[in-house]
Amino acid sequence: MRRKASFVVVVLVLALLSLGGWAFWWEPSTLTQKQYDIALNPWPSACDGLKVAVIADLHVGSPYNDLERLTEVVRTVNQSKPDVILLGGDYVIHSVVGGSMVEPEPIAKELGKLKANSGVYSVLGNHDWWFDGERIKQALEDVGIPVLEDEAVEVEHHECRFWLVGISDYWERAHDVEKAFRVVPNDGPVLVLTHNPDIFVDVPSRASVTFAGHTHGGQVKLPFLGSPVTMSKYGQRFAVGHIEENGKNLFVTPGLGTSILPVRFRVPPEVSLVVLQHSSK
83 MRRKASFVVV VLVLALLSLG GWAFWWEPST LTQKQYDIAL NPWPSACDGL KVAVIADLHV
143 GSPYNDLERL TEVVRTVNQS KPDVILLGGD YVIHSVVGGS MVEPEPIAKE LGKLKANSGV
203 YSVLGNHDWW FDGERIKQAL EDVGIPVLED EAVEVEHHEC RFWLVGISDY WERAHDVEKA
263 FRVVPNDGPV LVLTHNPDIF VDVPSRASVT FAGHTHGGQV KLPFLGSPVT MSKYGQRFAV
323 GHIEENGKNL FVTPGLGTSI LPVRFRVPPE VSLVVLQHSS K
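Per this note's numbering, the sequence shown starts with residue 83, numbered consecutively.
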């Protein structure tokens, strides 16, 4: 019996060590790329197949997420040849265990190497404003990346034309949806970029897709239970991936960095590629 008990203890200890290594080392240090196909109706046939790269929650300076890692992220995104790139905020860190602060200017310099035929656009997240939102905004704009704070721009891709609406952070800014949509014509196809997915409930139905980050997919996804913590007031409802509610579409990328604890379990860091398909249904 003692031998059996000792064997069980050894197995449990090894299992815990393996899970700890997975969650605190192996998975946070990986970089994945995943494609999602979203069928939309209405969506212009001229925009059929539009490839949108979405990256968020870089948290450069968190463990395994230094500037060298950011270079790898930029290279991975560029190799996928997206039509447009959306940056969902939280470029810097704030109180993550084992982290080391990286200034926004070198982060922006590296992000300035991103390439897409129809441009790179961004919003800021709560961590950016906790640090210095105006400084980060200036750093991004200095390398040619527009920061959309409750405003919209028209984007062209060959014969495809659509509006991109940027809504400011749900926690730290006005997030004035009405102001953001003010210049958008009622019949224009619209994509929305914001940091926190909780704004989705206030986005009008004429938006084809709302893109967000912030949740990190929960960072930890337990079997059968899902993600215990998502930093969303809606819990797991808007945790990660493609969500469709009442005819509206939301896409939440799991992001790349970590916050608070440098842990990821069954939610690997991800460069998300979203292909928007025209559907006749």
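We put the CB at the ideal spot given by N, CA and C, even for glycine.
Just so you know, these numbers come straight off a predicted model, no measurement behind them.
Chain-order list of residues whose beta-carbon lies under 7 Å from that of residue i (same chain, five-residue window excluded)
i: residue 343; result: 179
i: residue 133; result: 164, 165, 355 and 357
i: residue 242; result: 126, 128, 129 and 132
Assumed close pair residue i, residue j - CB separation to whole angstroms, cut-off 8 Å
i: residue 234; j: residue 262; result: 6 Å
i: residue 118; j: residue 324; result: 6 Å
i: residue 301; j: residue 334; result: Incorrect: roughly 13 Å between the Cβ atoms, too far for contact.
i: residue 187; j: residue 221; result: 5 Å
i: residue 198; j: residue 167; result: 4 Å
i: residue 171; j: residue 206; result: 5 Å
Cβ-based neighbour list, residue i, same chain, cut-off 6 Å, excluding 5 preceding and 5 following
i: residue 308; result: 318
i: residue 296; result: 277 and 278
i: residue 350; result: 109, 112 and 114
Collapsed DSSP secondary structure at residue i in the structure displayed
i: residue 144; result: strand
i: residue 318; result: helix
i: residue 324; result: strand
i: residue 233; result: strand
i: residue 352; result: strand
i: residue 135; result: strand
i: residue 109; result: coil
i: residue 282; result: helix
i: residue 330; result: strand
i: residue 307; result: coil
i: residue 259; result: helix
Per DSSP, the bridge partner or partners of residue i
i: residue 249; result: 276
i: residue 121; result: 359
i: residue 289; result: 272
i: residue 238; result: 243
i: residue 265; result: Answer is none; residue 265 lacks a bridge partner.
i: residue 115; result: 353
Cutoff 8 Å; reference residue i; Cβ partners in own chain excluding five residues on either side
i: residue 256; result: 232 and 250
Any chance you could list the beta strand (DSSP E) runs of at least 3 consecutive residues sitting entirely within the segment 154-227, in chain order? 166-169 and 202-204
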